[in-house]
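Here the structure is laid out as structure tokens; the discussion comes afterwards.
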Amino acid sequence: NYNLGADTLLYTSISTGSRAGGFSASYNSKPEAFKPVKQEKNTSIEAGFKTTILDGKARINGAVFKYTLKDFQAQVFETVATGSVILNAGDVEGMGAELDLTYAVTEDFEVIASLGLLDTEMDSNKSTIVGGQTVSLDGVSLPSAPEVSYSLISRYYIGNVSLQLDYSWQDKHFLQVENDPYSESPS
Numbered sequence: 001n002y003n004l005g006a007d008t009l010l011y012t013s014i015s016t017g018s019r020a021g022g023f024s025a026s027y028n029s030k031p032e033a034f035k036p037v038k039q040e041k042n043t044s045i046e047a048g049f050k051t052t053i054l055d056g057k058a059r060i061n062g063a064v065f066k067y068t069l070k071d072f073q074a075q076v077f078e079t080v081a082t083g084s085v086i087l088n089a090g091d092v093e094g095m096g097a098e099l100d101l102t103y104a105v106t107e108d109f110e111v112i113a114s115l116g117l118l119d120t121e122m123d124s125n126k127s128t129i130v131g132g133q134t135v136s137l138d139g140v141s142l143p144s145a146p147e148v149s150y151s152l153i154s155r156y157y158i159g160n161v162s163l164q165l166d167y168s169w170q171d172k173h174f175l176q177v178e179n180d181p182y183s184e185s186p187s
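Anchor point for the sequence shown: position 172 equals 172 in our numbering, and the numbering is continuous, going up by one each time.
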């Protein structure tokens, strides 16, 4: 962390983490369901800022980040007959940016806006079956990872109670790791 002044903080971070390995423990009777799942490892780098402007009436926070997931653990659903299995689907590279602004219009009323940008891609030699067809996991995006998202919030405080009106939007994205059209969530 570095304080650029009384109202501005710059920061960078490098972090690592992991998700323990294990077994699928699925009701699936396929041999893959009984294979051990390796530990997933995460390395992330982030840089950003936090600043207060306009005599404390506004806060702006921004960040850029990049991460790598090695041996990404994914639940892959195949068919009703075979069910799903958890496996190490491949390695994932992701990068993005976030920006948010909070502005106090009055002492009791604030407006908040946020924007998120995200790009993820899996490098995989695995495939799965979706709707009777073999689908490669190579080049797919992570599930529930829209490329663009934003939100707007207006909040009014009345003593210990707040009234809030909010709107959020997400770009189309997939809900399953296979990125099949059946799991596409529209924007």
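Beta carbons: idealized from backbone N, C-alpha and C, even for Gly. Computed from a prediction, not measured in an experiment: that's the story for all the values here.
DSSP-derived helix/strand/coil call for residue i
i	result
Pro181	helix
Pro36	strand
Cα-Cα separation between residue i and residue j, rounded to whole angstroms
i	j	result
Tyr156	Ile53	21 Å
Val105	Thr8	21 Å
Leu4	Asp123	39 Å
Asn88	Leu175	18 Å
Asn160	Ser136	53 Å
Phe72	Glu40	5 Å
Thr68	Gly94	6 Å
Pro181	Lys70	26 Å
Val85	Gly22	12 Å
Ser114	Gly56	18 Å
Thr16	Val76	25 Å
Lys35	Val80	20 Å
Buried or exposed (CB count within 10 angstroms, at least 16 for buried), residue i
i	result
Val110	Val is not the amino acid found at residue 110; the sequence shown has Glu there. Buried is the call here.
Gly90	buried
Ala74	buried
Gly132	exposed
Ile158	exposed
Leu142	buried
Gly96	buried
Counting only runs of 3+ residues fully inside the stretch 79-130, write out the beta strand (DSSP E) ranges in chain order. 83-104, 109-123 and 127-130
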